[in-house]
Each structure stands twice: as structure tokens, then as C-alpha cells.
Amino acid sequence: MTSKKTDKSEFWWLLDLSDLSLDLNTLAIEWQKFYNKKRPHSSLNGKTHWEKLQKLEHIIPIQPYIPRKSGIE
36 MTSKKTDKSE FWWLLDLSDL SLDLNTLAIE WQKFYNKKRP HSSLNGKTHW EKLQKLEHII
96 PIQPYIPRKS GIE
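The sequence shown begins at 36 in the numbering used here and counts up one residue at a time.
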């Protein structure tokens, strides 16, 4: 399943988008953190994206983390 399909079936589908009190930006950021750091992926043999990155980071050049002033851009 692609990220887009997963987002639709595991994130957007569960939200009541008519609820104007939802903070969609915060919810999307939390979903992104969960998807990358907690959710196992079958394409990675049950590992998370974060676990796979940690295993490969010694051979993949990674830019330093720079906090954003706002949510997802």
C-alpha cells in the first residue's frame, strides 16, 4: 500500500472533517510521526521507516534537523 492510500485509509477516513474544532495541522503532524516512527511497514519486513533509516544512516548522508516555525510545508 502506498503512503497516499495508507493516509487515506488509516488517517483521513477516521476523521470527522465536518468537526470544525479539529486541529488538522497538529493531527497531520502527529500522524506523520506515527507513520514514520511507530507503524511497521510490510515493505520493510515489519520495520518502521525510522528503524530502516537508523540502520542505513551511516551510508546515507543526512542533513541536520532544522525545526520549522510552522507545521508541514
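Ideal placement from N, C-alpha and C gives every residue a C-beta, glycine not left out.
In the three-state scheme derived from DSSP, where H, G and I count as helix and E and B as strand, H76 is classed as strand. Annotated three-state conformation of K39 is helix, per DSSP. Annotated as distal: H93 and H84, with beta-carbon spacing of 8 Å or more. If you draw a straight line from the Cα of W48 to the Cα of D54, it comes to about 13 Å.
Bridge pairing for K82: H76 [DSSP].
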